[in-house]
Amino acid sequence: MRKTFFVACICIVLSFLNSVHLEAQNINNKDMYDAFLTLLDPYASKAIKQGYGLYDAKVISIERVNMGRTEAEKRINDGSFDFIVKVQYRTLTGPHHPAETIEELTFRIKPSGVKY
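Residue numbers (mature numbering (1 follows the signal peptide of the UniProt record, and there is no 0)): -24 to -1, 1 to 92.
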């Protein structure tokens, strides 16, 4: 009975792994930037005191930070997950009013958290 259960579990796991596509999917840049804007929105809303819309925000730049004093140290840290992201937001006073100002925020994103 135990052996049959074990074999059944192995078959289920193998069939699941076989059905999962392990290929990298092509990601649309707009989708990636929109995902960044969505994830950074709680931090932006704390920094910007006026209203703004994510539909009117845009990612200006994304830069990976490679720590190190020498080129060899920077190459070793090339796979680090430390980024500086600059985002531009257009503020507004209400849903039917034109944009007022442009706010540019710089976020430092690390695995330990986000700072602006």
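Glycine is no exception: its CB is placed at the ideal position from the N, C-alpha and C atoms.
In this text the structure is predicted, and so the values were computed from the model without any measurement.
Min CB distance residue i to chain D below 8 Å
i, result
"Met8", "Chain labels in this structure do not include chain D; a single protein chain is all it has."
Local Cβ density within 10 Å of residue i, reported as buried at 16 or more and exposed below that
i, result
"Leu15", "exposed"
"Ile60", "exposed"
"Tyr65", "buried"
"Phe(-19)", "Summary for Phe(-19): the model assigns pLDDT 47, below 50, so the residue's position carries little reliability; its value from the coordinates is reported in the next sentence. Exposed, by the Cβ-count rule."
Spatial distance of residue i from residue j (CA atoms)
i, j, result
"Thr77", "Lys22", "17 Å"
"Asn4", "Ala33", "17 Å"
"Ser51", "His73", "Inspection of the sequence shows that residue 51 is occupied by Arg rather than by Ser. For Arg51 and His73, the distance between alpha carbons rounds to 49 Å."
"Gly44", "Phe83", "20 Å"
"Phe12", "Glu47", "29 Å"
"Glu80", "Glu49", "31 Å"
"Glu31", "Lys6", "The question names Glu, but residue 31 is Tyr in the sequence shown. Using only the alpha carbons, I get a separation of about 11 Å."
"Lys91", "Asn2", "29 Å"
Integer-rounded CB distance, given that residue j should sit under 8 Å from residue i
i, j, result
"Ile24", "Thr67", "6 Å"
"Arg40", "Asp17", "Not quite, the Cβ-Cβ distance comes to about 22 Å (not below 8 Å), so this is no contact."
"Tyr9", "Val35", "4 Å"
Reference residue i; option with closest CA among the options
i, options, result
"Ser88", "Glu79, Ser56, Glu80, Val63", "Ser56"
"Lys86", "Gly29, Asn42, Ala48, Val63", "Asn42"
"Gly29", "Glu47, Val63, Lys91, Thr46", "Val63"
"Gly70", "Glu80, Glu47, Tyr31, Gly27", "Gly27"
field: Sequence ranges, alpha helix (DSSP H) only - wholly within the stretch 6 to 83, length at least 4
entry: 47 to 52
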